[in-house]
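So in the numbering used here, the last spot in the sequence shown is 326, and the numbers never skip.
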Amino acid sequence: MRKYGNFKSANSIKQEPVSKIQIQLKPLDLMRHWRRIGIMSDFIGYFYGFSFLPDIPSDSMDMKNSDIVNSISTVFNELLENAAKYSYDKKADIDISLIHRGKIFEILVQNQSNEQNVIAYETSLKEIFSTNDLESLYLEKLETNENDPQHSGIGLIIVLKDYPVEMEVIIESNGEETTVTNRVIYFTDGFPQ
134 MRKYGNFKSA NSIKQEPVSK IQIQLKPLDL MRHWRRIGIM SDFIGYFYGF SFLPDIPSDS
194 MDMKNSDIVN SISTVFNELL ENAAKYSYDK KADIDISLIH RGKIFEILVQ NQSNEQNVIA
254 YETSLKEIFS TNDLESLYLE KLETNENDPQ HSGIGLIIVL KDYPVEMEVI IESNGEETTV
314 TNRVIYFTDG FPQ
């Protein structure tokens, strides 16, 4: 088992959930119809954004333009894209758990891969979680990966530098199959002190 991340709030995920949604998707469905990732991400953003903006009617422009709705959608979108992209068996399930705990929103995305597919992802993770300056790494990646944005890690860098999240990635190999578990804790009231 290999772990990467900046995950410090393990106690946060011990709190009883207010709500929980579990979803199983096939990478093949997402890869054939890539737009489904955005549609699913927007749905999750609105569904949970409403929980964090209780005084705003769901049909108002304030809800549609809400930072919390858009940022939950963006974070979820990045995790779902990575799961689809790095899955080895395109018919194997991507397991998703979305958990609302008070002011915390947890996104858990698990997919099956193989060691070969995980190499690029793991290389990005090592680089991202070992840097002290995500902004500089982001600018460097923009310059050096303009021809290969799919394997650059730019999406994760943006999530980690621009949103109030902590992330943990666990990679477990069992023979030829590798399970990749991405956990993101989104703090709806900003970064914890």
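Virtual Cβ for every residue (Gly too), placed ideally from N, Cα, C.
Buried or exposed by the 16-neighbour rule on C-beta atoms within 10 Å, applied to residue i
i, result
"Phe176", "exposed"
"Met134", "exposed"
"Ile172", "exposed"
"Asn144", "exposed"
"Arg165", "exposed"
"Ile252", "exposed"
Spatial distance of residue i from residue j (CA atoms)
i, j, result
"Lys259", "Leu289", "12 Å"
"Lys274", "Gln148", "37 Å"
"Asp228", "Ser306", "17 Å"
"Tyr221", "Gln245", "6 Å"
"Asp162", "Ile146", "30 Å"
"Ile291", "Tyr271", "7 Å"
"Ser269", "Ile261", "11 Å"
"Leu241", "Glu276", "31 Å"
"Tyr181", "Thr311", "30 Å"
"Ser230", "Ile154", "6 Å"
"Ile201", "Tyr296", "10 Å"
"Phe209", "Asn215", "10 Å"
"Gly112", "Arg168", "The structure shown does not extend to residue 112, since the chain spans only 134 to 326, so no value can be given for it."
"Ser257", "Ser184", "33 Å"
Pair within 8 Å by beta-carbon distance, residue i and residue j
i, j, result
"Phe320", "Ile237", "yes"
"Ser142", "His233", "no"
"Gln243", "Val317", "no"
"Leu267", "Lys223", "no"
"Val302", "Asn315", "yes"
6 Å CB neighbourhood of residue i in its chain, flanking five on each side removed
i, result
"Asp226", "Gln157"
"Leu213", "Ile170"
"Thr264", "Leu270"
"Tyr219", "Ser246, Asn250 and Tyr254"
"Gln326", "Reliability of the predicted coordinates at Gln326 is poor, the pLDDT of 49 falling under 50, and no value is obtained from them."
"Ser174", "Ser206, Phe209 and Asn210"
Proximal residues to residue i (C-beta, below 7 Å), its chain only, five neighbours per side dropped
i, result
"Glu309", "Asn247"
"Asp322", "Lys236"
"Arg203", "Checking the displayed sequence, the identity of residue 203 turns out to be Asn instead of Arg. These residues qualify, in order along the chain: Gly178."
"Ile205", "Ile177, Gly178, Tyr181, Gly182, Phe238 and Tyr319"
"Pro150", "Ile232, His233 and Arg234"
Heavy atom of the ligand NAP within 7 Å of residue i beta-carbon
i, result
"Ile170", "Looking at this structure, you won't find the ligand NAP or any other ligand, since it has none at all."
Cβ shell of residue i (< 8 Å), same chain only, five flanking positions each side left out
i, result
"Glu255", "Arg135, Tyr137 and Ile304"
"Lys159", "Lys223, Lys224, Ala225, Asp226 and Ile227"
Pick out the complete alpha helix (DSSP H) segments inside the stretch 226-305, 4 residues or longer, and give them in chain order. 248-263, 267-277 and 287-295
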